[in-house]
Each structure stands twice: as C-alpha cells, then as structure tokens.
Amino acid sequence: MGRIVSLEDAFAYYINRTYRMLRVDFIHITREAGHELTPEQYFVLNKLYHRPGQSQSDLSAELNDRANMKRGLDVLEKAGLVERRSDDRDRRKNRVFLTDRGLQVVQSLNPAIEKARRRVYAGLNAKDMSAMRRILDIIETNLSREI
306 MGRIVSLEDA FAYYINRTYR MLRVDFIHIT REAGHELTPE QYFVLNKLYH
356 RPGQSQSDLS AELNDRANMK RGLDVLEKAG LVERRSDDRD RRKNRVFLTD
406 RGLQVVQSLN PAIEKARRRV YAGLNAKDMS AMRRILDIIE TNLSREI
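Residue numbers (the working numbering): 306 to 452.
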C-alpha cells in the first residue's frame, strides 16, 4: 500500500482552501457594494460585458459549467441582470446580453474588485503571476483529459 499524502503536502488542499477564502471574500465585497452575487454569477456577467450576445452553450463551454449554466442564467435573468434573445439566424439558440442593470452592476463592482485583486495578489510580481497562471493551466488541462 502506498504512502497516504498528508493534507499539508497536497496542493489540491491548498487550492481548495484558497478557493473557499476567495469565494467568501468576493461575496463580502459584493454585499458591501449592495449586490448579492456569487463569483460564478459575476464570471457570467463579466464574460457578457466583454463579449455581448454569446450563446448559452458558448458560455457553458467557456466557463466549463454545462450542468449549472441554464439555472444560473435563470437566476440572473430573474434578477434583471441578463436577458436571453432568440438568435436571428438559428431560433433554437439563445443569445445572452447584459441588461442596463447588469451593465451597471459590472461597472459599479469594478473598483472594489480591482482593490481586492491588489490586496489578494500583494507580494506577487508579474513573473509569479505568469508562473501561477501557467501551472494552473497545466493542472486544468491534465484534469480535462480525464473528465
């Protein structure tokens, strides 16, 4: 029988612990700004801010969340942050857009999110950030081959 790795030696433990802390911090930031958003909801809003009119399936693939995308969009639509419109060329597809309110939420959160990014990444230089992104990309690629 092989050696059982202690949690202190398992990167997955640190990644999970860091993710939970980032999630709690993000929810706190959005509440202080007067919004109730999860990180996953913000990711959708951010993607639509930068690329309006993506299809639901494109968003699902890009955010790697096929199982929860429809439900997540339902919540955002009910909150008045996004709207789905039929694709002019393919009525089976829906295109998703920020509403004026959704646009306002993304823009109003930006200063607080930028401030949090500076706080979270304090002490890391551009080389560290590049290495972290590269390593996480490799791990994600390795995992995606198995899923």
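Just so you know, even glycine gets a beta-carbon here, dropped at the ideal spot from N, CA and C.
Burial state of Leu381 (16 or more Cβ within 10 Å): In the sequence shown, counting from the first residue as 1, residue 381 sits at position 76. With 16 or more Cβ atoms within 10 Å of its Cβ, Leu381 is classed as buried.
How many Å lie between Val425 and Ala431 at the Cα? Residue numbering aside, residue 425 sits at position 120 when the sequence shown is read from its first letter. Residue numbering aside, residue 431 sits at position 126 when the sequence shown is read from its first letter. If you take the alpha carbons of Val425 and Ala431, they lie about 14 Å apart.
Just to confirm the assignment, what range does the beta strand (DSSP E) spanning Ser391 have? Locating residue 391 in the sequence shown gives position 86, where the first residue counts as 1. Where Ser391 is concerned, the enclosing beta strand (DSSP E) stretches over 387 to 391.
Cβ pair Leu481, Leu353 closer than 7 Å: In this structure the chain extends from 306 to 452, so residue 481 is not present and cannot be described.
If you draw a straight line from the alpha carbon of Val401 to that of Thr343, how long is it in whole angstroms? For the purposes of this step, residue 401 is taken as the residue at position 96 of the sequence shown. For the purposes of this step, residue 343 is taken as the residue at position 38 of the sequence shown. Their backbone Cα atoms lie some 19 Å apart in a straight line.
Decide if Tyr318 is buried, meaning its Cβ has at least 16 other Cβ atoms within 10 Å, or exposed. Position 13 of the sequence shown holds residue 318. With fewer than 16 other Cβ atoms within 10 Å, it is exposed.
Does DSSP put Leu429 in a helix, in a strand, or in coil? The residue you call residue 429 lines up with position 124 of the sequence shown. Three-state DSSP puts Leu429 in coil, outside helix and strand.
At least three beta-carbon pairs within less than 8 Å, the segment 368 to 379 to the segment 328 to 342: no
Just to check my reading of the structure: Asn399 and Asp392 have Cβ atoms closer than 8 Å, yes? What is that Cβ distance to the nearest angstrom? Numbered from 1 along the sequence shown, position 94 holds the residue referred to as residue 399. Numbered from 1 along the sequence shown, position 87 holds the residue referred to as residue 392. 7 Å between Cβ atoms; contact.
Note down, in chain order, each residue of its chain lying with its Cβ closer than 8 Å to the Cβ of Leu429, except the 5 sequence neighbours on either side. Sequence index remark: in the sequence shown, residue 429 carries index 124 (1-based). Excluding positions up to five away in sequence, the list reads Met437.
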